[in-house]
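Visitor: The structure is given below, and queries will be raised subsequently.
In the numbering used here, the protein residues as written are 48 to 619.
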């Protein structure tokens, strides 16, 4: 684009009050350095939003402005335009009508680019306006993450089935190829941008799936189909990063990677598992950022007050229960953070140590050399701790030692895999722990689940469904109850949810419940007694958060057992 065209466009934007003359001068100087379109320079400098600038430009130049994210582009059209071509010219094919190809571009004045497109593709070209960020996101959406990298590899005649490569040195060469490195980096960056907690790479007979777990739900990541040809090289690259044996394909391997993405330090836990169609990879993304405060975990005020009073006790044991991925570790760490001070000696025994906490001594369990939870606990007692955290009670030996620690003047935190709070008591007795030891040591039982929270950007009030009114047993006032849901927007990737919070049930052990434990009462009897004394079940706590507009009834039902829901509905 000629300089006078840049100035002309800049003057249009000044006339419309989008930018000032001083901002145009700065933009023109920046444009000369970057050789970008003047609008791109102004947007990158933060002088105005992409949408505002391009809307004015569209109206003034009488060129349609297209938002790629709002347009559904046919896949057969995508297949006609190579990914590297779209990326090189920063264009997105939008529509093909006969021989007329409509392309979204950032700079409709760049005649040379439009002529190149016409010559190379053989179509007549109709240019429409679109933002650079919008175009790049469209390329990732339709061509897949890392499409340009795989296109480059293919163009260099590297599109071969690398699963047939058997020499370790060949795999190392492929894994260190710049294109493979770039592709793995792009997958990780995209996962972080999408707020994913896990990345799954799963080989099947005729395809390779890449999925991200976002807010507890797995979503497929858009990737090029040609990725399957480079899968062995990608696996080898991940193994090298995690310092694993790239020649070993028959046994599971676990490793860790420390990376920095978008100025955030991340700890990646890598697990590789052999399957019938190749090695499957799971990467857990752990942020090293500051942990949630206890006040921000999702406890309702009355429940938080109970927990805060319990963690101030001088001794006893507190169990947090729930399935894997229900946020137990986060709750434990938030509790320890509350207690962490110069006056307290805090030691944790974990498998694995997921996050490093300043001021707290942390021990990593290593079963291969005999460092188990039980062995670690015995050693820890010689170090004069005030507070202990045992990552998980898995067997009788660990349970007995943890309980005896609680009985000898230590405050102990730990976790169990049970469906509800009362089930922890039955679980411990089933392990072989004497009921009188369970009764005298436990101070509090907490069960929890994670539910997705409604997106604030598209949160909408909805009518209470008649069927739901009947299910919930609401007889009066249903017309006054307000519940919400997310309609779906670009901010939440059209899921209606963004972020997660927890729902809880808390049993504070009192004399009545201690006597029931000694008498070997069932978990259902203990739960019923706790509810009589004011305990809210998981479903009841979730229903309160539905009424507060935090989550939806569908989410609460998803994470609570149906049997428990049916029992608790009448009490909610």
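Glycine included, every Cβ here is placed at the ideal spot set by N, Cα and C.
1. Check the DSSP bridge columns for residue 28 and list the partner residues they point to.
2. Could you check the C-alpha separation between residue 86 and residue 62 for me, to the nearest Å?
3. Residue 585 and residue 494 - do their beta-carbons sit closer together than 8 Å?
4. I believe residue 188 touches residue 537 by the beta-carbon criterion, under 8 Å. Please report the beta-carbon distance rounded to the nearest angstrom.
5. Please state whether DSSP places residue 488 in a helix, a strand or coil.
6. Give the straight-line distance between the Cα atoms of residue 548 and residue 497, rounded to the nearest whole angstrom.
7. Applying the 10 Å Cβ sphere with the 16-neighbour rule, what's the burial state of residue 285?
8. Quick one: what does DSSP say residue 453 is sitting in, helix, strand or coil?
9. Answer yes or no: do residue 393 and residue 432 have a C-beta to C-beta separation smaller than 8 Å?
10. Tell me the DSSP secondary structure of residue 582 in three-state form.
11. What is the DSSP secondary structure of residue 114, counted as helix, strand or coil?
12. Please say whether residue 171 and residue 147 have beta carbons closer to each other than 8 Å?
13. Exposed or buried, what is residue 227 when buried is set at 16 or more other beta-carbons lying within 10 Å of its beta-carbon?
14. Which runs of the alpha helix (DSSP H), 4 residues or longer, sit entirely within the stretch 288 to 363?
15. Could you check how far apart the C-beta atoms of residue 620 and residue 244 are, in whole angstroms? I think they sit under 8 Å.
16. Do we get a CB-CB distance below 8 Å when we pair residue 597 with the residues of chain D?
17. Contact defined as beta carbons within less than 8 Å: I believe residue 141 pairs with residue 175. What is the distance between those atoms, to the nearest angstrom?
18. Assuming residue 553 contacts residue 353 (C-beta within less than 8 Å), just tell me the rounded distance between them.
19. Buried or exposed, going by whether 16 or more other CB atoms sit within 10 Å of the CB of residue 240?
20. At which residue ranges does the stretch 528 to 585 contain complete alpha helix (DSSP H) runs of 4 or more residues, listed in the order of the chain?
21. How is residue 65 classed by DSSP in three states: helix, strand or coil?
22. Within its chain, find whatever has a CB closer than 6 Å to the CB of residue 289; leave out the 5 residues flanking it on each side and keep chain order.
23. Is residue 409 helix, strand or coil by DSSP?
24. Could you compute how far the alpha carbon of residue 58 sits from the alpha carbon of residue 106?
25. What first and last residue would you give for the beta strand (DSSP E) that runs through residue 402?
26. Assign residue 260 to one of two classes, buried (16 or more other C-beta atoms within 10 Å of its C-beta) or exposed (fewer than that).
27. Do residue 319 and residue 328 count as a contact pair if the criterion is CB distance below 8 Å?
28. Out of 429, 443 and 420, point me to the one whose CA is closest to residue 436's CA.
29. Under 8 Å, do residue 539 and residue 505 count as touching if we go by C-beta distance?
30. Could you compute how far the alpha carbon of residue 311 sits from the alpha carbon of residue 334?
31. What separation, rounded to the nearest whole angstrom, lies between the Cα atoms of residue 207 and residue 278?
32. When you compare the CB positions of residue 92 and residue 100, do they come within less than 8 Å of one another, or not?
33. Taking the continuous alpha helix (DSSP H) assigned at residue 100, which residues delimit it?
34. Can you give the Cα-Cα distance for residue 542 and residue 607, rounded to whole angstroms?
35. Could you check the C-alpha separation between residue 210 and residue 250 for me, to the nearest Å?
Guide: Working from what's here:
1. Outside the displayed span of the chain (48 to 619) sits residue 28, for which this structure offers no information.
2. Counting from 1 along the chain shown, the entry for residue 86 is found at position 39. Counting from 1 along the chain shown, the entry for residue 62 is found at position 15. Looking at the two C-alpha atoms, the distance is approximately 15 Å.
3. Indexing the chain shown from 1 puts residue 494 at position 447. Indexing the chain shown from 1 puts residue 585 at position 538. For residue 494 and residue 585, yes; Cβs fall inside 8 Å.
4. Translated into positions along the chain shown, residue 188 becomes position 141. Translated into positions along the chain shown, residue 537 becomes position 490. Actually they do not touch by this definition, with Cβ atoms about 12 Å apart.
5. In the chain shown, residue 488 corresponds to position 441, counting from 1. DSSP places residue 488 within a helical segment (H, G or I) once states are collapsed to three.
6. Counting from 1 along the chain shown, the entry for residue 548 is found at position 501. Counting from 1 along the chain shown, the entry for residue 497 is found at position 450. If I take the Cα positions, the gap works out to 6 Å.
7. Here residue 285 refers to the residue found at position 238 when the chain shown is read from its first residue. With 16 or more Cβ atoms within 10 Å of its Cβ, residue 285 is classed as buried.
8. Here residue 453 refers to the residue found at position 406 when the chain shown is read from its first residue. For residue 453, the secondary structure class from DSSP, reduced to helix, strand or coil, is helix.
9. Locating residue 393 in the chain shown gives position 346, where the first residue counts as 1. Locating residue 432 in the chain shown gives position 385, where the first residue counts as 1. For residue 393 and residue 432, yes; Cβs fall inside 8 Å.
10. Translated into the one-based positions of the chain shown, residue 582 becomes position 535. In the three-state scheme derived from DSSP, where H, G and I count as helix and E and B as strand, residue 582 is classed as coil.
11. What you label residue 114 is simply residue 67 of the chain shown in a count that begins at 1. Here residue 114 sits in coil by DSSP.
12. As a position in the chain shown, residue 147 is number 100, starting the count at 1. As a position in the chain shown, residue 171 is number 124, starting the count at 1. Result yes, Cβ atoms of residue 147 and residue 171 sit closer than 8 Å.
13. Locating residue 227 in the chain shown gives position 180, counting from the first residue. With at least 16 other beta carbons inside 10 angstroms of its own, residue 227 counts as buried.
14. Qualifying alpha helix (DSSP H) stretches, in chain order: 348 to 357.
15. Here the chain comprises residues numbered 48 to 619, so residue 620 is not present and cannot be evaluated.
16. The chain labelled as chain D is not found in the depicted structure, where only one protein chain is given.
17. As a first step, residue 141 is located in the chain shown; it is residue number 94 there, counting from the start. As a first step, residue 175 is located in the chain shown; it is residue number 128 there, counting from the start. The Cβ separation is near 7 Å, so the contact holds.
18. As a first step, residue 553 is located in the chain shown; it is residue number 506 there, counting from the start. As a first step, residue 353 is located in the chain shown; it is residue number 306 there, counting from the start. With 8 Å as the limit, residue 553 and residue 353 qualify as a contact, their Cβ atoms being about 6 Å apart.
19. Here residue 240 refers to the residue found at position 193 of the chain shown. The residue in question, residue 240, is exposed, as its Cβ has fewer than 16 Cβ neighbours within 10 Å.
20. List check, alpha helix (DSSP H) in window: 558 to 565 and 570 to 579.
21. Numbered from its first residue, the chain shown carries residue 65 at position 18. DSSP places residue 65 outside both helix and strand once states are collapsed to three, so it counts as coil.
22. Mapped onto the chain shown, residue 289 falls at position 242. Short of 6 Å from the beta carbon of residue 289, and not among the five residues preceding or following it, lie these beta carbons of its own chain, in chain order: 302, 304 and 317.
23. One-based indexing of the chain shown puts residue 409 at position 362. The answer is strand: DSSP assigns residue 409 an E or B state.
24. As a working note, residue 58 is residue 11 in the chain shown. As a working note, residue 106 is residue 59 in the chain shown. So the two alpha carbons sit approximately 14 Å from each other.
25. As a first step, residue 402 is located in the chain shown; it is residue number 355 there, counting from the start. No beta strand (DSSP E) holds residue 402; DSSP gives it neither H nor E.
26. One-based indexing of the chain shown puts residue 260 at position 213. Result: buried.
27. Taking the first residue of the chain shown as 1, we reach residue 328 at position 281. Taking the first residue of the chain shown as 1, we reach residue 319 at position 272. Yes, the Cβ-Cβ distance between residue 328 and residue 319 is below 8 Å.
28. Here the question's residue 436 lines up with position 389 in the chain shown. Taking only the C-alpha atoms, the option nearest residue 436 is 420.
29. Against the chain shown, residue 539 aligns to sequence position 492. Against the chain shown, residue 505 aligns to sequence position 458. Cβ distance < 8 Å, so residue 539 and residue 505 count as in contact.
30. Numbered from its first residue, the chain shown carries residue 311 at position 264. Numbered from its first residue, the chain shown carries residue 334 at position 287. Straight-line Cα distance between these residues: approximately 7 Å.
31. Mapped onto the chain shown, residue 207 falls at position 160. Mapped onto the chain shown, residue 278 falls at position 231. Reliability fails at residue 207, whose pLDDT of 47 lies under 50, so the model's placement of it is uncertain and the value that follows must be treated cautiously. In this structure, the straight-line span from the alpha carbon of residue 207 to that of residue 278 is close to 10 Å.
32. Counted from its first residue, the chain shown places residue 92 at position 45. Counted from its first residue, the chain shown places residue 100 at position 53. Cβ distance not < 8 Å, so residue 92 and residue 100 don't count as in contact.
33. Taking the chain shown and counting its residues from 1, the one referred to as residue 100 is at position 53. Under the DSSP assignment, residue 100 falls in the alpha helix (DSSP H) whose first and last residues are 97 to 108.
34. As a working mapping, residue 542 is identified with position 495 in the chain shown. As a working mapping, residue 607 is identified with position 560 in the chain shown. So the alpha carbons of these two residues sit roughly 20 Å apart.
35. Translated into positions along the chain shown, residue 210 becomes position 163. Translated into positions along the chain shown, residue 250 becomes position 203. Caution applies to residue 210, whose pLDDT of 48 falls short of 50 and renders its modelled position unreliable; the value that the coordinates give is listed next. Residue 250 has its alpha-carbon roughly 11 Å from the corresponding atom of residue 210.
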